[in-house]
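**Q**
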Amino acid sequence: MPFLLPSRRHDPGDRGMTSPIVTGQPATAEADRPYLGYYTAHGISPVRQDIAHDMASHFRRRRALYHSLGVPPGLLAGKAVIEFGPGSGHNALYTASLSPGRYTLVDGNPTGIAETQDRLKTRFGDQPAVEIVHSLIESFDTSRRYDLVLCEGVIPFQRDPAAFTRHIAGFAGPDGIVVVTCIDSISGLGEFSRRLVADRIVPFARPAAERMAALLPVFTPHLESLAGRTRPVEDWIHDNILIPYHGRLFSIADAIGCLADGFDLYGSSPRFITDWRWYKTCDDMDPGHNAAGLRSYHSNVVAFSDYCLAAPAHDEETGRLLLHHADRVFNLMVDHETGGRQKALPEAAEALQMVASLLRPHATAAADALDAAAAFVLAPGQHDLDRLAPLIGYFGRGQQYLSFIRRSLTSA
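In terms of the numbering used here, the sequence shown opens at residue 18 and continues consecutively.
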């Protein structure tokens with residue numbers, strides 16, 4: 018069965034995979050630590066997936082994701098894989114099924130650790146190639162280097178996402194692949210607009226249980242409209258509406274920038290990168306994949322605003338302008354939630370209206386949804402939920418996946 022190693026520094030060296038089970042706890046997480054503080058305080062791991070009755074579909078989805086990221090599943094057999102923040106272990110089921118030679122999972126949430134261990138043992142029984150390390154991700158260390166490093170749904174909203182990313186990416190060996198997820202102020206508009214709406218229905222400062230009871234009937238129709246959803250509505254509300262934001266966004270541009278010195282952009286989901294250069298012109302140590310990714314990102318910001326939209330590319334300045342105003346929505350929202358500045362809430366709604374006006378020529382449905390949310394927020398005391406009808410089926414792209422390849426230490 019998977020074994021637990023609770024150490025803050027983990028370095029099994031060459032002892033093999035037969036170490037005994039060790040119980041214990043990592044360093045206690047402070048209450049305002051991103052994700053972990055909220056999860057631990059409420060004894061939850063709100064990243065479950067309703068896949069028990071259709072595991073085959075779940076595996077097909079994960080296979081498609083790996084293809085998009087340039088990670089052929091057949092090549093993972095016998096390889097060394099490390100996953101940071103596996104949550105409740107649902108995605109780890111697929112990775113473990115690919116028979117990696119070593120599969121290390123690192124998480125600081127005791128609830129998630131227990132669920133991951135139970136889920137892997139139930140599915141696979143004793144699997145000596147798997148080890149589960151109970152540790153804060155930032156504190157984890159090992160001399161080992163891995164062929165594949167995974168970190169899904171963890172980096173955005175950390176206090177210093179760039180430093181966090183460089184830490185986990187450092188465990189990739191030369192030519193190793195690193196997979197991370199990103200959220201920017203445009204792709205997260207569906208969640209951020211609903212956080213503003215939720216504050217008008219029941220203020221952010223109220224207890225989580227009270228807010229959940231009030232918001233569950235409001236947002237259940239929204240989540241039920243989302244094609245491909247596998248997450249329980251309660252978990253989505255915990256993880257997107259109730260959880261405090263103590264850190265920063267982490268955009269595609271941020272990810273490329275913080276890894277540019279030693280990593281090359283490789284793949285993405287969704288696939289948005291267009292690069293028409295002839296490969297024979299890519300003869301520098303830096304082959305230019307990162308620059309091509311940045312250009313493609315800023316030229317497709319509109320498409321990240323609505324998961325149903327396949328918008329054509331636009332000029333980069335349009336993308337930067339949209340991000341500028343959407344950043345203002347996010348910053349004002351957080352200012353209201355964490356600083357209690359009452360005027361920040363209507364200011365955030367007005368900033369949302371500005372984003373809607375910029376999107377309207379390109380993404381009418383998204384603009385209508387954002388305008389509806391803003392109007393609801395700007396009319397306190399008028400909780401006619403029918404006014405939110407345009408918002409029900411609207412979601413941005415949420416989190417995007419990027420893969421990077423670590424450059425070899427030597428050139429040919």
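A virtual CB, placed ideally from N, CA and C, is assigned to each residue, including glycine.
When burial is assigned at 16 or more other CB atoms within 10 Å of the CB, is residue 370 buried or exposed?
**A** The residue is buried, with at least 16 neighbouring Cβ atoms inside 10 Å.
**Q** Three-state secondary structure (DSSP) at residue 281?
**A** Strand at residue 281.
**Q** Under the DSSP definition of a beta bridge, which residues are partnered with residue 124?
**A** Paired residues: 151.
**Q** Out of 224, 227, 283 and 258, which one is the CA nearest neighbour of residue 240?
**A** When only C-alpha atoms are compared, the closest one is 258.
**Q** Which of helix, strand or coil does DSSP assign to residue 420?
**A** Strand at residue 420.
**Q** Return the CA-CA distance between residue 303 and residue 252, expressed in angstroms with no decimal places.
**A** Cα-Cα distance, rounded: 41 Å.
**Q** Which residue marks the beginning of the alpha helix (DSSP H) containing residue 339, and which one marks its end?
**A** 333-356 is the extent of the alpha helix (DSSP H) around residue 339.
**Q** Which parts of the region 351-415 are runs of the alpha helix (DSSP H), unbroken and 4 residues or longer, counting only runs that do not cross its ends?
**A** For the region 351-415, whole alpha helix (DSSP H) runs of length 4 or above, ordered along the chain, are 361-376, 381-394 and 406-409.
**Q** In or out: residue 414 buried (at least 16 other Cβ within 10 Å) or exposed?
**A** Buried, because 16 or more other Cβ atoms sit within 10 Å of the Cβ of residue 414.
**Q** By the DSSP assignment, the beta strand (DSSP E) with residue 76 in it spans what residues?
**A** Taken as a continuous stretch (DSSP letters only), residue 76 belongs to no beta strand (DSSP E), being part of the alpha helix (DSSP H) at 72-85.
**Q** For residue 288, I'd like the list of residues in its chain whose CB is within less than 8 Å of its CB, leaving aside the five on either flank, ordered along the chain.
**A** Result list for residue 288: 85, in chain order.
**Q** With distances taken Cα to Cα, identify the nearest neighbour of residue 129 among 388, 177 and 151.
**A** For the residues 388, 177 and 151, the minimum Cα distance to residue 129 belongs to 151.
**Q** Specify the secondary structure class of residue 167 as computed by DSSP and reduced to three states.
**A** Strand.
**Q** Rounding to the nearest angstrom, what Cα-Cα distance links residue 165 and residue 202 in this structure?
**A** The alpha-carbon atoms of residue 165 and residue 202 are separated by roughly 28 Å.
**Q** Do residue 390 and residue 213 have their C-beta atoms within less than 8 Å of each other?
**A** Cβ distance < 8 Å, so residue 390 and residue 213 count as in contact.
**Q** Excluding the five sequence neighbours on either side, which residues of its own chain have a C-beta within less than 7 Å of the C-beta of residue 350, listed in chain order?
**A** Answer for residue 350: 209, 212, 213 and 365, listed in chain order.
**Q** Tell me the DSSP secondary structure of residue 318 in three-state form.
**A** Coil at residue 318, not helix or strand.
**Q** Secondary structure at residue 101, three-state DSSP: helix, strand or coil?
**A** The answer is strand: DSSP assigns residue 101 an E or B state.
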